[in-house]
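The sequence shown begins at 13 in this note's numbering and counts up one residue at a time.
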Amino acid sequence: MPSIRDISSSADLGVDNLEIIGVVDGLGGADLSAGVFNNAEVTVFRVDPLNLAAGEMIEKRGYIGEISIVDDKYVCEIVTSAAYTRRNVGLVTSPTCRVRRFCDNQCKLSLASFTHTGVNVGAVASPRDIQVQVTLDSALAVATSRFNYGLLRVNRSGRWFEREVKEISLVSGNTYLVFLREPFGFEIDDIDIELIQGCDRKLTTCISLSNAVNFRGEPHLPGTDTISKAGRAPE
């Protein structure tokens, strides 16, 4: 049974602090590490144990934020609705592209053109390993640097999980060693995978993909450092 700790509330729009702690085996350590419960909705309420028919009194609602696992216990940070009042509303300028995801409805490139399928062949020392050896259906016809900031997706029990790729290197033939930015947290031996090319969100990359018309950034817009520069006296 999970318990709640570190509760603090205020009458203003300050973000409330709330954490839930419990035993990993009771919820599923692999699912926690895999991110199954990321952004899950959480409701905290009180009941009268002597009269459950009286209903419940809701105290807080929120979503699961950061999850940490220590020994056999997990700690879930609960982000309440007040946190959304501190987010930027609307678009802001940036030198790099602001699309939410490579090949989304703003980027407009075809995801299938940048996706390579295959199977994991092991070489994973533990669920916390960030090195995964994969064999693709065919050898890559593009530079391995195209997969920096890309994704490795694995199919576990009919559900796809993904992690960001840091870089990949060729082992031999169509077998590659993929370095992830964070581990999957569960065993992924002999499992279907998808390796998706990445994007560094720079205009030059968008031009190389013939997609500059959909670039959503302002790389040539002067920044505040340019405005604050002192002028030079004429000679």
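Idealized CB from N, CA, C, for every residue including glycine. Bear in mind that the values here come from a model prediction, so they are computed numbers and not experimental data.
Residue environment for Thr92: buried (at least 16 other C-beta atoms within 10 angstroms of its C-beta). Taking a 10 Å sphere around the C-beta of Gln118, we find fewer than 16 other C-beta atoms and assign the residue as exposed. Between Arg175 and Phe198, the C-beta spacing is not below 8 Å. DSSP places Asp43 in the helix class (H, G or I) of the three-state scheme. An exposed status is given to His232, since fewer than 16 other beta-carbon atoms sit within 10 Å of its beta-carbon.
DSSP places Val54 within a strand segment (E or B) once states are collapsed to three.
Distance from the CA of His128 to the CA of Ala66, rounded to the nearest whole angstrom, comes to 56 Å.
In its chain, beyond the 5 residues on either side, Glu230, Leu233 have a beta carbon closer than 7 Å to the beta carbon of Thr105.
The three-state secondary structure of Cys218, taken from DSSP, is helix. Under the DSSP assignment, Gln118 falls outside any beta strand (DSSP E); it carries neither an H nor an E label.
Taking C-beta atoms as the reference points, Val166 and Phe173 count as a pair closer than 8 Å. Following the DSSP letters along the chain, one finds Val91 inside the beta strand (DSSP E) bounded by residues 85-92. Remark: C-beta atoms of Cys211 and Phe114 approach each other more closely than 8 Å. Your pair Leu192 and Ser181 does not check out as a contact, with CB atoms roughly 13 Å apart and the cut at 8 Å.
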